[in-house]
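J.: Residue numbers (UniProt numbering), protein chains in the order written: chain A, 1 to 375; chain B, 1 to 375.
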DNA sequence: ACGAAATATCATGGAGAGCATCATTATTCG
DNA sequence: CGAATAATGATGCTCTCCATGATATTTCGT
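1) Would you kindly check if the distance between the Cβ of residue 253 of chain A and the Cβ of residue 300 of chain B is under 8 Å?
2) Spell out the partners DSSP gives residue 214 of chain A in its beta bridges.
3) How do the region 88-107 of chain B and the region 349-363 of chain B stand: do at least 3 beta-carbon pairs fall below 8 Å, yes or no?
4) Would the region 226-243 of chain A and the region 318-327 of chain B be scored as touching if the rule is three or more Cβ pairs under 8 Å?
5) Mind checking which residues open and close the beta strand (DSSP E) that includes residue 323 of chain A?
6) From residue 160 of chain A to residue 190 of chain A, what does the alpha carbon distance come to, in whole angstroms?
7) With a threshold of 8 Å between beta-carbons, can residue 307 of chain A be considered close to chain B, or not?
8) Note down, in chain order, each residue of its chain lying with its Cβ closer than 6 Å to the Cβ of residue 20 of chain B, except the 5 sequence neighbours on either side.
9) Hey, could you find the ends of the beta strand (DSSP E) residue 404 of chain B is sitting in?
10) Please name the residue, chosen from B/272, B/293, B/295, that lies closest to residue 284 of chain B on a Cα-to-Cα basis.
11) Could you have a look at residue 30 of chain A and say whether DSSP puts it in helix, strand or coil?
12) Mind checking the region 317-333 of chain A against chain B and listing, in chain order, the residues whose C-beta falls within less than 9 Å of any C-beta there?
13) Pull up the CB-CB distance for residue 80 of chain A and residue 59 of chain A, whole angstroms please, since I reckon it's below 8 Å.
14) Please state if the CB of residue 89 of chain A and the CB of residue 132 of chain A are separated by a distance shorter than 8 Å.
15) Give the straight-line distance between the Cα atoms of residue 204 of chain B and residue 368 of chain B, rounded to the nearest whole angstrom.
16) Comparing C-alpha positions only, which one of A/43, A/62, A/97 sits nearest to residue 347 of chain A?
17) If you measure between the beta carbons of residue 117 of chain B and residue 152 of chain B, is that distance less than 8 Å?
18) Run the CB neighbour count on residue 196 of chain B, radius 10 Å, all protein chains shown included, and call it buried at 16 or more, exposed below.
19) Taking 7 Å as the cut-off, is the CB of residue 357 of chain A close to at least one heavy atom of the ligand SAH?
20) Quick check on residue 1 of chain B: does DSSP put it in helix, strand or coil?
21) Whole angstroms is fine: what's the gap from residue 232 of chain B's alpha carbon to residue 70 of chain B's?
22) For residue 121 of chain A, I'd like the list of residues in its chain whose CB is within less than 7 Å of its CB, leaving aside the five on either flank, ordered along the chain.
23) Along chain A, which residues have their Cβ under 9 Å away from the Cβ of residue 89 of chain B?
24) Within the region 147-209 of chain B, note down every full alpha helix (DSSP H) run reaching 4 residues or more, in order along the chain.
25) Less than 8 Å between the CB atoms is what I'm expecting for residue 334 of chain A and residue 308 of chain A, so what's the real figure, rounded?
26) What's the C-alpha gap between residue 316 of chain A and residue 268 of chain A?
27) Residue 379 of chain A versus chain B: which residues are under 8 Å apart at the beta carbon?
28) Name the residues in the region 7-22 of chain A whose C-beta lies less than 9 Å from a C-beta of chain B; which are they?
29) Just how far apart, CA to CA, sit residue 341 of chain A and residue 202 of chain A?
30) With 8 Å as the C-beta to C-beta threshold (strictly closer), list the residues of the region 282-313 of chain A near chain B in chain order.
31) Count the other C-beta atoms from every protein chain shown that fall within 10 angstroms of the C-beta of residue 137 of chain B, then say buried if there are 16 or more, exposed otherwise.
32) Using CA atoms only, rank isn't needed, just tell me which of B/180, B/155, B/102, B/229 is closest to residue 125 of chain B.
33) Take residue 277 of chain B as the anchor and find which of B/144, B/259, B/166, B/128 has the nearest alpha-carbon.
34) Where residue 16 of chain A and residue 209 of chain A are concerned, what is the direct C-alpha to C-alpha distance, given to the nearest angstrom?
35) Helix, strand or coil: which one does DSSP assign to residue 79 of chain B?
36) Closer than 8 Å, CB to CB, is residue 361 of chain A near chain B or not?
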């Protein structure tokens with residue numbers, strides 16, 4: 001994003017203002033010129049000029065006037081979110097999910113393909129192809145219409161979109177996801193760890209919308225974390241942030257063993273605990289204790305505004321959140337707000353969309369470039 | 001800092017360019033117009049215009065021309081770092097340190113007053129007054145000449161500059177440092193925890209100069225941490241980041257007990273270990289193990305580029321760093337570079353200076369405001 | 001039904017900022 | 001002492017934004 005502002009040309013100023021206008025328009029259904037002017041701080045005259053240019057370039061369209069109110073009715077303008085598409089993919093153990101979203105991040109098409117954790121590399125990649133192809137077909141588009149793709153997967157991911165290390169999936173270590181997805185859609189591909197993407201999604205459209213610093217806990221068959229710091233996804237120097245589970249004393253390794261020991265299927269333990277089963281309740285208690293220990297380490301390290309719990313177990317929030325909060329209270333200097341994920345198993349794919357949109361916004365959403373060059 | 005660039009006026013553009021010119025000039029001894037133009041990306045003509053304005057406003061001065069070279073000799077310009085001063089204060093258990101620095105961050109005057117950890121609140125504050133007064137007297141200045149002050153202290157600090165909680169110093173909890181220092185120099189006062197400031201200093205002028213993500217370990221009679229994430233000091237939602245020591249399983253609470261058990265004075269243990277004393281070596285080993293456990297938690301959480309060890313014990317780096325590196329290797333997925341502090345016990349006060357300079361740069365170093373209004 | 005009030009659009013002119021270009025000036029080199 | 005080199009200074013152009021006032025279109029009150 002616009003990190004270091006080094007000043008420059010006059011046209012740079014117009015570019016900044018065009019960006020400001022687009023930002024003002026994004027998210028809103030439609031705005032009048034006066035409203036845009038007020039929201040950007042520009043004068044009405046200049047706003048008009050900028051909007052005219054954006055209209056001509058294809059970034060903005062006129063929206064129908066709304067009735068009512070005294071005085072001459074204002075023309076209304078809206079951001080042409082439908083001008084571009086991004087592709088989001090979530091490669092999970094049991095499910096491959098793909099979605100297409102417009103430039104506002106609204107999902108327009110989605111598809112998923114069931115898989116199994118044991119599936120080999122080629123088959124899993126084929127499932128990715130299938131899910132993406134279904135999406136594109138539904139939308140009546142081709143890969144060439146995609147401006148950027150975001151991909152979420154388990155495991156550590158390197159800067160170039162290759163999976164460095166995956167413990168959960170066989171034959172997955174070393175796969176070059178960026179290259180694979182770029183075959184489907186010849187646009188930039190951004191690959192990221194699934195916990196990190198879920199964190200991103202919760203800060204964008206989930207329960208952490210107003211938090212600048214947030215810790216996301218993936219509570220499921222695997223346990224993981226994603227960090228958003230100062231409003232930005234924190235990746236770390238080698239993209240290995242949030243891997244607190246590697247520290248044995250913090251208990252994430254043994255965490256879900258407690259659940260499996262108590263019952264065959266991990267998910268059932270929560271149901272049993274809820275139903276009053278003493279042994280199940282004890283298992284859940286031990287699980288939460290372990291989860292909270294690692295979470296406390298993250299909270300004490302970062303002092304975030306909020307902790308969001310997601311992953312498969314977040315469906316059992318009623319027996320998870322309260323005990324977790326109590327355990328955090330035991331260890332933390334200041335216990336942050338603890339919330340359950342609002343996005344469920346859509347979090348990762350939404351995070352992928354956000355990742356792709358971030359790329360689009362940094363590359364083409366400057367308002368100066370004409371749309372034609374991206375169609 | 002220039003966070004969100006929302007565009008704006010033409011004068012805003014000039015402001016950005018003036019800032020860019022100042023940044024280009026800062027740090028360099030002197031530059032010609034052509035050099036400034038190249039470094040900012042502006043045209044020569046515009047650069048000349050901006051520099052003329054800065055010259056007139058007092059931000060820039062002409063420097064002596066350097067001989068040699070063919071062609072008409074260029075005039076040289078330099079940033080007038082001496083135009084303003086900031087005050088940095090480090091309130092420690094044994095020593096109160098105060099420095100004055102110019103706008104380049106070069107320390108021009110310094111003073112310190114010995115204290116004891118047992119000293120009461122009023123006496124300690126009096127020592128702060130004395131150190132600051134000595135500095136100002138040396139410089140021939142008064143508090144009114146100070147543009148901003150930075151203060152480092154042990155304990156948790158709230159957003160308004162009040163000490164929330166100090167375990168190390170008696171009667172220190174609740175003291176309003178910002179208000180106290182503002183009496184000495186009627187300018188903005190920024191108060192921060194000492195570990196955090198040391199981290200800031202190491203990233204500015206220490207061994208972490210080129211690291212964007214860094215974990216600073218304060219290894220001394222107290223154990224603490226400071227985090228720099230994405231080039232910025234990470235404070236946390238309630239300014240309580242880095243407090244990983246609160247988690248008992250990570251060992252920071254018992255860490256230096258090992259050293260005291262082995263010897264009367266903690267510092268001596270390292271000397272004894274170096275000299276071959278078996279019991280002392282074992283004590284150091286246990287200390288490092290505990291230190292490394294908490295450090296590993298921070299490293300795994302953040303995946304920083306570098307770990308810097310400072311604090312009193314960093315003088316014994318020869319018996320600390322290598323074992324620490326080995327212990328980190330045991331727990332971490334990717335062990336970051338481990339370095340000893342280059343700043344020693346000046347780190348905190350330098351961090352205070354940096355804190356004050358950040359404030360100055362965000363408030364007045366825009367190049368548009370004339371210097372007169374700050375004298 | 002018609003004027004007043006309200007609100008929006010459109011048009012003009014001016015000021016600030018940056019840039020290209022070219023003439024001028026001050027050096028060193030051969 | 002002239003040629004080459006590199007910086008300075010001056011002129012004019014363009015782009016962008018803004019203030020202001022004229023014009024257009026609607027609702028409200030009578």
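In this text, a Cβ means the ideal position worked out from N, Cα and C, and glycines have one as well.
This one's a predicted model, so the numbers in the text were calculated from it and none came from an experiment.
T.: With the structure as the only source:
1) By 1-based counting over the second chain, the position of residue 300 of chain B is 300. By 1-based counting over the first chain, the position of residue 253 of chain A is 253. For residue 300 of chain B and residue 253 of chain A, no; Cβs fall outside 8 Å.
2) On the first chain, position 214 is the one that residue 214 of chain A refers to. For residue 214 of chain A, which the question treats as bridged, DSSP gives the partners A/228, A/306.
3) yes
4) no
5) The residue labelled residue 323 of chain A in the question sits at position 323 within the first chain. Element bounds for residue 323 of chain A: not the beta strand (DSSP E) but the alpha helix (DSSP H), 317-331.
6) In the first chain, residue 160 of chain A corresponds to position 160, counting from 1. In the first chain, residue 190 of chain A corresponds to position 190, counting from 1. So the alpha carbons of these two residues sit roughly 8 Å apart.
7) Numbered from 1 along the first chain, position 307 holds the residue referred to as residue 307 of chain A. Not an interface residue.
8) Sequence index remark: in the second chain, residue 20 of chain B carries index 20 (1-based). Answer for residue 20 of chain B: 40, listed in chain order.
9) The structure shown does not extend to residue 404 of chain B, since chain B is modelled only from 1 through 375, so no value can be given for it.
10) By 1-based counting over the second chain, the position of residue 284 of chain B is 284. Cα-wise, what sits closest to residue 284 of chain B is B/272.
11) Locating residue 30 of chain A in the first chain gives position 30, where the first residue counts as 1. Note: residue 30 of chain A maps to coil in three-state DSSP.
12) 331, 332, 333
13) Residue numbering aside, residue 80 of chain A sits at position 80 when the first chain is read from its first letter. Residue numbering aside, residue 59 of chain A sits at position 59 when the first chain is read from its first letter. Indeed, because the Cβ distance is near 6 Å, the residues count as touching under 8 Å.
14) Counting from 1 along the first chain, the entry for residue 132 of chain A is found at position 132. Counting from 1 along the first chain, the entry for residue 89 of chain A is found at position 89. Yes; because the gap between Cβ atoms is below 8 Å, this pair is in contact.
15) Here the question's residue 204 of chain B lines up with position 204 in the second chain. Here the question's residue 368 of chain B lines up with position 368 in the second chain. If you take the alpha carbons of residue 204 of chain B and residue 368 of chain B, they lie about 26 Å apart.
16) If you number the first chain from 1, residue 347 of chain A lands on position 347. Among A/43, A/62, A/97, the Cα nearest to that of residue 347 of chain A is on A/97.
17) Residue 117 of chain B sits at position 117 when you count from the first residue of the second chain. Residue 152 of chain B sits at position 152 when you count from the first residue of the second chain. Cβ distance not < 8 Å, so residue 117 of chain B and residue 152 of chain B don't count as in contact.
18) Here the question's residue 196 of chain B lines up with position 196 in the second chain. Classification for residue 196 of chain B: buried.
19) Absence of the ligand SAH is noted for the structure shown, with no ligands found whatsoever.
20) Locating residue 1 of chain B in the second chain gives position 1, counting from the first residue. Any reading at residue 1 of chain B needs caution, since the residue's pLDDT is 35, under 50, leaving its predicted position unreliable; the model's value is listed next. Correct three-state label for residue 1 of chain B: coil.
21) In the second chain, the residue the question calls residue 232 of chain B occupies position 232. In the second chain, the residue the question calls residue 70 of chain B occupies position 70. Looking at the two C-alpha atoms, the distance is approximately 44 Å.
22) For the purposes of this step, residue 121 of chain A is taken as residue 121 along the first chain, with counting starting at 1. If we look at residue 121 of chain A and ignore the five residues flanking it on each side, its Cβ neighbours are 171, 172, 175.
23) Start at 1 with the first residue of the second chain, and residue 89 of chain B comes out as number 89. The premise fails here: residue 89 of chain B is roughly 24 Å from chain A at the closest Cβ pair, so nothing lies under 9 Å.
24) 177-184, 194-205
25) Translated into positions along the first chain, residue 334 of chain A becomes position 334. Translated into positions along the first chain, residue 308 of chain A becomes position 308. About 17 Å; that fails the 8 Å criterion.
26) Residue 316 of chain A sits at position 316 when you count from the first residue of the first chain. Residue 268 of chain A sits at position 268 when you count from the first residue of the first chain. Rounded to whole angstroms, residue 316 of chain A to residue 268 of chain A spans 10 Å at the Cα level.
27) In the structure as shown, chain A starts at 1 and stops at 375, and residue 379 of chain A therefore has no counterpart that could be examined.
28) 7, 8, 9, 10, 12, 13, 14, 15, 16, 17, 18, 19, 20, 21
29) The residue labelled residue 341 of chain A in the question sits at position 341 within the first chain. The residue labelled residue 202 of chain A in the question sits at position 202 within the first chain. Their backbone Cα atoms lie some 7 Å apart in a straight line.
30) 293, 296, 297, 298, 300, 301, 302, 303, 304, 305
31) On the second chain, position 137 is the one that residue 137 of chain B refers to. With fewer than 16 Cβ atoms within 10 Å of its Cβ, residue 137 of chain B is classed as exposed.
32) By 1-based counting over the second chain, the position of residue 125 of chain B is 125. Checking every option, the nearest Cα to that of residue 125 of chain B belongs to B/180.
33) Taking the second chain and counting its residues from 1, one reaches residue 277 of chain B at position 277. Among B/144, B/259, B/166, B/128, the Cα nearest to that of residue 277 of chain B is on B/259.
34) Within the first chain, numbered from 1, the residue matching residue 16 of chain A stands at position 16. Within the first chain, numbered from 1, the residue matching residue 209 of chain A stands at position 209. Cα-Cα distance, rounded: 25 Å.
35) The sequence position of residue 79 of chain B within the second chain is 79, counting from 1. DSSP places residue 79 of chain B in strand when its eight states are reduced to three.
36) In the first chain, counting from the first residue as 1, residue 361 of chain A sits at position 361. For residue 361 of chain A, the answer is no, since every Cβ of chain B falls outside 8 Å of its Cβ.
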